[in-house]
Amino acid sequence: MTIESSISKGVKDAALALYSADVADNQVQLQETRKEFSGDITVVIFPFLKISKKSPEQTGQEIGEFLKIQLPEIEGFSIVKGFLNLTINRNYWLSFLNEIIPNANYGYAMPNSTGHSVMVEYSSPNTNKPLHLGHVRNNLLGFSVSKILKANGHNVIMVNLVNDRGIHICKSMLAWKKWGNGATPITTGKKGDHLVGDYYVKFDAEYKKEIKHFIDKGLTQEEAEKQAPLIKQAQEMLRKWEAKDNDTVTLWETMNSWVYKGFDETYQKMGVTFDRVYYESQTYLHGKDIVNKGLKDNILYQKPDNSVWADLTNEGFDEKLLLRSDGTSVYMTQDLGTACQRFNEYHVDEMIYVVGNEQDYHFKVLSLVLQKLGYSWASQLKHMSYGMVELPSGKMKSREGTVVDADDLVTEMIDTAQAMADELGKLDGYTAQQAENIYRIIGLGALKYFILKVDPKKNMTFDPKESIDFNGNTGPFIQYTYTRIQSIIRKASEMGIVIPHSIDTQIIIGEKEKQLIKLLYKYPAIVRDAGSMLSPALIANYVYEVAKEYNQFYHEFSILKEENIIIRNFRLALSQITGKVIQSAMDLLGVEVPERM
RNA sequence: GGUUCCGUAGCUCAGUUGGAUAGAGCAACAGCCUUCUAAGCUGUGGGUCACGCGUUCGAAUCGCGUCGGAAUCACCA
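Positions in the first sequence are counted from 1; adding 1 to them yields our numbering.
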């Protein structure tokens, strides 16, 4: 039983004994005592004034006295206005440390202990251009959320859905055929996804020229866009692809294989992984069967031009197209098919889509249509909607060349880490290989932490030049704190000190030390909250607090030089546990911690 | 225009069942390295929590309205 639940129960007992009143659980409000007051846990007294019919001070006094007698952990209390501040004795906190020392997975639930399985889809790139900053946020969120859900005891399946078909890919293919001169990643030395992306850009530039040409001849913008030979050729290519034309399919396979190789490299560099990759080219047809069945069952309806629709007006939405008049499928059709396939294959309890908030409408409709079609799991689809990443100059636009490329960004971060480390002379005496690994860990740590510390729901601003810092509330700051701890532990070991597995619970500890223990105590609750709210930001902000608190402790107390061996060992053990929690929390964010830096 | 989301310090962000004097970091300024890694620690300044009204013992948090921003409402994905 946690100390909070003991107190909560005690307060209810007090209300019954003192005022003969039953109070509901949610009437008992506990919170951390604010730092400016003495105490650890605070009971809010206001809700009890009606039943006590006394002043807040008097009521607090009575409940406080009751609790102190009932609960041995409570050492004393004080009342400020309507707040009863309880002080928990040091013995309790030290015993708690003793409990978590042997626990290798402190903060985590047992793997697969909930019996709940959840599939997380993230990344979902198009194969016509390389990954950019927007994908970076998506990848980091998806990977971190998956880890957090695992830490909560769920069985998690991480999947990627590659959008490998459609007109956008034909544009790249066409441009490559016209202007590529047979260029390949090998002949150009270019990463495959970047090479293909270049032809997508080339297409767009040439297409614009054609449009301008037609407008100059007197056509409207809209007419010009439709008349341009390039777009017609691209559409023709798509039709050939759907008809399985040999040359087209071969080219498509070749260029996609370049892109996948490039993506794999980027994923590997970022440290994200998938259990299963789906390709839209393989799933897009399944949706049609589902729609046709819905039509037969009169759940969907057909318009005179043969297009198929779902009527969602009763649910407060519009009608939604599910099949075009020519019988081809749209985005929604594919997603219906993919969802069905996944639930059939994996029988998951929950499906989480990590997709930007620009698609809020799409996922509401997706879930609704599936519910209408009678799938019992339809309500278990969850859209983890995250905000856009904006640049100081505004939105990123591929066509205007204002995108921040994922590979460039990672490289830049690692280079910055290197420049910083070299300037500080931190890694003198390391081999080039060791040093490079540390630059990588720090550079990526800075990037990942910077993005994940922001509430996923919110749009965020990213300034590639100025936003990334290595001091303050940053990944490297937390990593640095970890290396400080590891350094002490190494030194202790060199001195022949064995950190004990059990601490004397009678020792006198300082306020800062207690603060740190209390923070570590919160970790499992933070992991739970992060899981239920799908928010890595909670973990990020927590681990920052831990690092900050530890640095203050580190500054205030000597550890290895402490003469009292019992106290010294306590501080060593506290440091070690702090290090473990930092490592564990950072791991949930997908961030590595170095042993030195 | 309809719907949804957002607006907290110069900048980037915390603040989650409503709770005490709204917190960090960056930037600025002032201190701390013969002592466990100064990528650290300490201090100073900086706020009409967009605005108004309401609910409440109590509102950054809940409700209504106004202003400002974003997304979306495609036979695009």
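A virtual CB, placed ideally from N, CA and C, is assigned to each residue, including glycine.
Proximity winner among the options, relative to residue i (alpha-carbon distances)
{"i": "Glu-359", "options": "Gln-342, Trp-378, Glu-351 and His-384", "result": "His-384"}
{"i": "His-348", "options": "Val-592, Ser-330, Thr-339 and Ser-118", "result": "Ser-118"}
{"i": "Lys-270", "options": "Asp-306, Gly-446 and Leu-220", "result": "Gly-446"}
{"i": "Phe-47", "options": "Tyr-387, Ser-56 and Ser-39", "result": "Ser-56"}
{"i": "Pro-501", "options": "Leu-573, Leu-521 and Asp-41", "result": "Leu-573"}
{"i": "Ser-308", "options": "Asp-319, Lys-297, Arg-325 and Tyr-362", "result": "Arg-325"}
{"i": "Ala-577", "options": "Val-81, Ile-102 and Ser-7", "result": "Reading off the sequence shown, one finds Gln at residue 577, where the question assumed Ala. Per the Cα distances, Ile-102."}
{"i": "Ala-152", "options": "Pro-595, Val-202 and Gly-591", "result": "Gly-591"}
{"i": "Gly-656", "options": "Leu-19, Val-544, Glu-122 and Leu-410", "result": "The chain is shown from 2 up to 598; residue 656 falls before or after that span and cannot be answered."}
{"i": "Asn-92", "options": "Asn-140, Phe-558, Tyr-551 and Ser-503", "result": "Ser-503"}
{"i": "Tyr-431", "options": "Glu-58, Gln-32, Met-598 and Thr-88", "result": "Met-598"}
{"i": "Ser-394", "options": "His-363, Asp-350, Glu-437 and Met-461", "result": "Met-461"}
{"i": "Arg-277", "options": "Glu-346, Asp-23 and Arg-138", "result": "Glu-346"}
{"i": "Lys-458", "options": "Asp-530, Met-389, Asp-423 and Lys-209", "result": "Met-389"}
{"i": "Leu-252", "options": "Ala-548, Tyr-208 and Val-197", "result": "Val-197"}
{"i": "Arg-272", "options": "Tyr-387, Met-534, Lys-449 and Leu-520", "result": "In the sequence as presented, Arg is not what sits at residue 272; that position holds Gly. Ranking the options by Cα distance to Gly-272, first place goes to Lys-449."}
{"i": "Glu-550", "options": "Glu-564, Thr-482 and Glu-495", "result": "Thr-482"}
{"i": "Gly-190", "options": "Lys-213, Trp-259 and Val-137", "result": "Trp-259"}
{"i": "His-155", "options": "Leu-561, Ile-583, Met-111 and Gln-228", "result": "Met-111"}
Host alpha helix (DSSP H) of residue i (start-end)
{"i": "Asn-552", "result": "537–557"}
{"i": "Ala-493", "result": "476–495"}
{"i": "Asn-293", "result": "287–297"}
{"i": "Val-12", "result": "4–20"}
{"i": "Val-499", "result": "No alpha helix (DSSP H) holds Val-499; DSSP gives it neither H nor E."}
{"i": "Glu-100", "result": "91–101"}
{"i": "Met-599", "result": "Given that the chain is displayed from residue 2 to residue 598, the structure contains no residue 599 and the question cannot be resolved."}
{"i": "Leu-367", "result": "361–373"}
{"i": "Glu-413", "result": "407–425"}
{"i": "Glu-243", "result": "230–243"}
Under the three-state DSSP convention, the category residue i falls into
{"i": "Leu-85", "result": "strand"}
{"i": "Ser-79", "result": "strand"}
{"i": "Thr-462", "result": "strand"}
{"i": "Asp-41", "result": "coil"}
{"i": "Leu-313", "result": "coil"}
{"i": "Met-333", "result": "helix"}
{"i": "Asn-113", "result": "coil"}
{"i": "Glu-63", "result": "helix"}
{"i": "Val-163", "result": "strand"}
{"i": "Tyr-302", "result": "strand"}
{"i": "Glu-224", "result": "helix"}
{"i": "Asn-156", "result": "strand"}
{"i": "Asn-257", "result": "helix"}
{"i": "Glu-58", "result": "helix"}
{"i": "Val-390", "result": "strand"}
{"i": "His-133", "result": "strand"}
{"i": "Asn-127", "result": "strand"}
Beta-carbon spacing of residue i, residue j below 7 Å
{"i": "Val-405", "j": "Gly-143", "result": "no"}
{"i": "Ala-538", "j": "Asp-456", "result": "yes"}
{"i": "Thr-506", "j": "Leu-95", "result": "yes"}
{"i": "Met-333", "j": "Met-120", "result": "no"}
{"i": "Ala-15", "j": "Phe-67", "result": "yes"}
{"i": "Thr-34", "j": "Asn-90", "result": "no"}
{"i": "Ile-567", "j": "Ile-486", "result": "no"}
{"i": "Ala-176", "j": "Tyr-200", "result": "yes"}
{"i": "Gly-288", "j": "Gln-342", "result": "no"}
{"i": "Ala-225", "j": "Phe-215", "result": "yes"}
{"i": "Ala-586", "j": "Val-544", "result": "yes"}
{"i": "Val-81", "j": "Phe-49", "result": "no"}
{"i": "Ile-439", "j": "Pro-595", "result": "yes"}
{"i": "Leu-369", "j": "Glu-316", "result": "yes"}
{"i": "Asn-257", "j": "Asp-408", "result": "no"}
{"i": "Leu-72", "j": "Ser-7", "result": "yes"}
{"i": "Leu-323", "j": "Val-292", "result": "yes"}
Segment limits, beta strand (DSSP E) that includes residue i
{"i": "Gly-357", "result": "351–357"}
{"i": "Arg-277", "result": "277–280"}
{"i": "Met-385", "result": "382–387"}
{"i": "Val-119", "result": "118–122"}
{"i": "Leu-324", "result": "320–324"}
* To do: Please confirm if the stretch 169–186 is in contact with the stretch 143–161, defined as three or more CB-CB distances below 8 Å between the two stretches.
  => no
* To do: Report yes or no: do three or more beta-carbon pairs, one from the stretch 460–475 and one from the stretch 407–425, lie closer than 8 Å?
  => yes
* Asked: Hey, is the stretch 255–267 in contact with the stretch 121–139, meaning 3+ C-beta pairs nearer than 8 Å?
  -> yes
* Evaluate the contact criterion for the stretch 229–246 versus the stretch 163–175: three or more CB pairs, one atom per stretch, below 8 Å. => yes
* Asked: Should the stretch 475–491 be called in touch with the stretch 285–301, which here means at least 3 C-beta pairs below 8 Å?
  -> no
* Mind the definition here: the stretch 552–561 touches the stretch 128–137 only if three or more C-beta pairs lie below 8 Å; say whether that holds. => no
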